[in-house]
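Protein chains in written order, with this note's numbering: chain A, 335 to 647; chain B, 109 to 336.
Here the structure comes first, spelled out in structure tokens, and everything after it is commentary.
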Amino acid sequence: MNRNVLQILRRFIQALVMLLIIIIPLLSLYQINLSSEGLVSAERSELKAIFWCFDRTIGGLVDVNLVGSSVWSINILGFNLTDPVAVTSHIFATHRIYSLVLLGGLIPLIFTLIFGRIFCGWICPMNFILEMNAKLRNLLQKDGVDPEDIHFSREYKYFVLGLGLLLSALFGIQFLPVIYPPAVIGREIASLVSYRGAGIGTCLIILLMIFELSFSERWWCRYICPGGAVYSLLGSSRILQIRKDAEKCNNCLKCKKVCPLGLNPAEGEVGMECTNCGVCYSNCPTKAVGYKLGIPKIANLFALLTKNEGGKP
Amino acid sequence: MKEGNHSFKSVVARERRYKTLKIQRRDFLKKAGSFVLGAAGISLLFLGRDIYGEEIEGQLLNGYYASGLLRPPGAIEESQFLSKCIRCLRCAEACPVGAIKCADTGSLLALGTPFIVPKEKGCTLCMNCTKVCPTGALVEIEDDPVIIQEKVRLGEAILDESICSAHMGRRKCAACFYACPFSDKAIEIMLPDLKPKVNKDNCVGCGLCEEVCTQRAIRIRPNGLSEV
């Protein structure tokens, strides 16, 4: 089987998530338009075509209460799914554990325990945007532009997470949703669609993209993201892991070159931060890199913590 | 000759050992630091509190910041609200009239939380938003007029009689009376001049009166703000 199929599937899922994030606020507006008998489309003529499409296709089925919001907290056919980052932040800010929130985070938690940081690699809209940004960076490099590539320590993201949780525990105000990109993107796109205006989140995201373009490759996901820290900790002893077959490997180090997070599968230094995105899997010329089922051990967590710096050049 | 070489080697070896020791110590410091931070976090988490306990007085510095925004129906007390709301805005998407908006940079720490601007669009009390909230920041309330009047308190309508045209004797208006979902209970009208009067005990603070009032004589004061 052609190994590129995995990447095509990943891009398809990412595009689907982006489409969902844009379409749900539009559906919400459509519902408002229905209940107010055309007030929205009278005010905003650019939405008329979209509403016409909704009328012809899914007009009768629209119920925003069934599918709602972005990847931060989603409701699929009446079933709540909440980001484990939101659950962590909620627990720290309220100092209590609520079954309602915990139940919402249960399915993503189980997925993370099995597949590791799969949310980052396959679903996160910010990762999608920044991957495209990195492609642009590569194109610029081919054209002769030589952007800086400053490396930071991977431990910074745990520090950011710890600081955010400490502040929310002290003040009782949640700080992570303010800086965590999937939440920010959901809010910003919703406000762009419904009020035709964006907040400070959009400015920050554009600044981040410019920073990654010119100073440090994949800076946010590799070194800073507090959500990535939560997922790394949860998926540190995941079952599905990237492993290298030493007999097939010809030490070309292509996997190290293509890895979005700057990890090094060739030398077995994947660690807890692998997103299982499968880029190394698809790009390996000798098919030496593969997915293996590992047996989770609690002791692995501490072993992996020490091996954490694997991705450093 | 041989001995000198040996001593040189030993110096290199010692230096290398020193370097690895240094790296080990740095690793150890990092790990210790993260453990201390984690332990501090966990101890803060359970600092003399029940895990499943009742709503008790909040966090160490809780209540230090209040935004003074008008929250959607079913919202809990402001300081608790800020700690519970994960800013997903599902309430805004569930609102069938588009009354719930997203707080922007101006509201500082409450960035991204939901609020209502009654002058633009008041709450029609459909209670959809309370049903979709995944965190319990909005407590679920049944869509029943009696229960709504009992439980919902967004804020409180305040009538400035010096601006109201009926009270000034300019014209007979009564727009607020007709807009009010609990007219005769929350807003009473005194017959000869149609002068409105707000009954504070029955007002849910939906803001429909503020939406229709052309004079802006009647306004909603959010729950968090104190009386001036």
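Virtual Cβ for every residue (Gly too), placed ideally from N, Cα, C.
My guess is that residue i and residue j are in contact by the Cβ rule of under 8 Å, so how many angstroms apart are they, rounded?
{"i": "Gly520(A)", "j": "Ile355(A)", "result": "6 Å"}
{"i": "Leu474(A)", "j": "Cys555(A)", "result": "The pair is not a contact, with the Cβ atoms about 19 Å apart (cut-off 8 Å)."}
{"i": "Cys314(B)", "j": "Leu246(B)", "result": "That belief does not hold up - the Cβ atoms of Cys314(B) and Leu246(B) are roughly 15 Å apart, past 8 Å."}
{"i": "Val205(B)", "j": "Ser369(A)", "result": "6 Å"}
{"i": "Phe359(A)", "j": "Ile523(A)", "result": "One point to set straight first is that residue 359(A) is Pro, not Phe, in the sequence displayed. Correct: roughly 7 Å between the Cβ atoms."}
{"i": "Pro459(A)", "j": "Val351(A)", "result": "6 Å"}
{"i": "Asn610(A)", "j": "Arg451(A)", "result": "7 Å"}
{"i": "Val320(B)", "j": "Ala294(B)", "result": "Val320(B) to Ala294(B), Cβ: 14 Å. No contact."}
{"i": "Ser649(A)", "j": "Pro242(B)", "result": "Since the displayed chain A opens at 335 and closes at 647, residue 649(A) lies outside it and no answer follows."}
{"i": "Leu302(B)", "j": "Cys281(B)", "result": "7 Å"}
{"i": "Ser502(A)", "j": "Ala427(A)", "result": "4 Å"}
{"i": "Val564(A)", "j": "Leu495(A)", "result": "6 Å"}
{"i": "Phe445(A)", "j": "Leu574(A)", "result": "Their Cβ separation, rounded to whole angstroms, is 10 Å, which puts Phe445(A) and Leu574(A) out of contact at 8 Å."}
{"i": "Ser616(A)", "j": "Asn338(A)", "result": "5 Å"}
{"i": "Cys618(A)", "j": "Ile576(A)", "result": "That pair is no contact at about 10 Å."}
{"i": "His424(A)", "j": "Ile184(B)", "result": "That belief does not hold up - the Cβ atoms of His424(A) and Ile184(B) are roughly 13 Å apart, past 8 Å."}
With DSSP as the reference, label residue i as helix, strand or coil.
{"i": "Glu318(B)", "result": "helix"}
{"i": "Asn414(A)", "result": "strand"}
{"i": "Ile184(B)", "result": "coil"}
{"i": "Leu197(B)", "result": "coil"}
{"i": "Ser624(A)", "result": "First, the residue type needs correcting, since residue 624(A) is Gly and not Ser in the sequence shown. Looking at Gly624(A) - three-state DSSP - the assignment turns out to be strand."}
{"i": "Asn585(A)", "result": "coil"}
{"i": "Gly645(A)", "result": "A caution first: Gly645(A) carries a pLDDT of 39, below 50, which makes its placement in the model unreliable, though a value can still be read off. Helix."}
{"i": "Ile271(B)", "result": "coil"}
{"i": "Ser175(B)", "result": "coil"}
{"i": "Ser407(A)", "result": "strand"}
{"i": "Leu233(B)", "result": "coil"}
{"i": "Leu246(B)", "result": "strand"}
{"i": "Asn617(A)", "result": "helix"}
{"i": "Asn610(A)", "result": "coil"}
{"i": "Gly166(B)", "result": "Its pLDDT being 48, under 50, Gly166(B) is placed unreliably in this model, and the coordinates cannot settle the point."}
{"i": "Gln323(B)", "result": "coil"}
Can you give me the start and stop residues for the beta strand (DSSP E) that residue i sits inside?
{"i": "Gly263(B)", "result": "Gly263 to Leu267"}
{"i": "Arg382(A)", "result": "The residue you asked about is not Arg; residue 382(A) is Lys in the sequence shown. Run containing Lys382(A): none in the beta strand (DSSP E); it sits in the alpha helix (DSSP H), Lys382 to Thr391."}
{"i": "Lys578(A)", "result": "Leu574 to Lys578"}
{"i": "Cys210(B)", "result": "Ile208 to Cys210"}
{"i": "Phe223(B)", "result": "Pro222 to Ile224"}
{"i": "Arg329(B)", "result": "Ile326 to Pro330"}
The alpha helix (DSSP H) with residue i in it runs from where to where?
{"i": "Val479(A)", "result": "Taken as a continuous stretch (DSSP letters only), Val479(A) belongs to no alpha helix (DSSP H), as it is neither H nor E."}
{"i": "Met352(A)", "result": "Asn338 to Ser369"}
{"i": "Gln257(B)", "result": "Pro253 to Lys259"}
{"i": "Ile568(A)", "result": "For the record, residue 568(A) in the displayed sequence is Leu; it is not Ile. Note, Leu568(A): alpha helix (DSSP H), Pro560 to Leu568."}
{"i": "Trp456(A)", "result": "Ile452 to Trp456"}
{"i": "Pro442(A)", "result": "Leu440 to Phe449"}
{"i": "Val374(A)", "result": "Leu373 to Glu377"}
Legend entry - Contacting positions in the region 235 to 256 of chain B - beta carbon closer than 8 Å to chain A: Asn236, Lys239, Val240, Pro242, Thr243 and Gly244
Inset, instruction - Jot down the residue ranges of each uninterrupted alpha helix (DSSP H) in the region 282 to 310 of chain B, minimum 4 residues, whole runs only, in chain order. - result: 283 to 287
Legend entry - Complete alpha helix (DSSP H) runs within the region 488 to 539 of chain A (minimum length 4 residues, chain order): 490 to 505, 510 to 513 and 515 to 529
Legend entry - Interfacial residues, the region 405 to 417 of chain A to chain B, with Cβ spacing under 7 Å: Trp406, Ser407, Asn409, Asn414 and Thr416
Legend entry - Within 7 Å of chain B by C-beta, residues of the region 557 to 591 of chain A in sequence order: none
Legend entry - Near-chain B residues of the region 489 to 510 of chain A - C-beta to any C-beta below 7 Å: Glu489, Tyr492, Gly496, Leu499, Leu500, Ala503, Leu504, Phe505, Gly506, Ile507 and Gln508
Legend entry - Where the region 197 to 213 of chain B meets chain A: residues whose CB sits under 8 Å from a CB there: Leu197, Arg198, Ala200, Glu201, Ala202, Cys203, Pro204, Val205, Gly206, Lys209, Cys210, Asp212 and Thr213
Legend entry - Positions along the region 594 to 608 of chain A whose CB lies within less than 9 Å of some CB in chain B: none
Inset, instruction - Quick one: which residues of the region 281 to 298 of chain B get their C-beta closer than 9 Å to a C-beta of chain A? List them in chain order. - result: none
Inset, instruction - Could you please tell me which residues of the region 430 to 450 of chain A, in chain order, have their CB closer than 9 Å to any CB of chain B? - result: Arg430, Ile431, Tyr432, Ser433, Leu434, Val435 and Gly438
Inset, instruction - Below 9 Å between beta carbons is the criterion; list the residues of the region 355 to 368 of chain A that meet it against any residue of chain B, in chain order. - result: Ile358, Pro359, Leu361, Ser362, Leu363, Gln365, Ile366 and Leu368
Legend entry - Where the region 298 to 312 of chain B meets chain A: residues whose CB sits under 9 Å from a CB there: none
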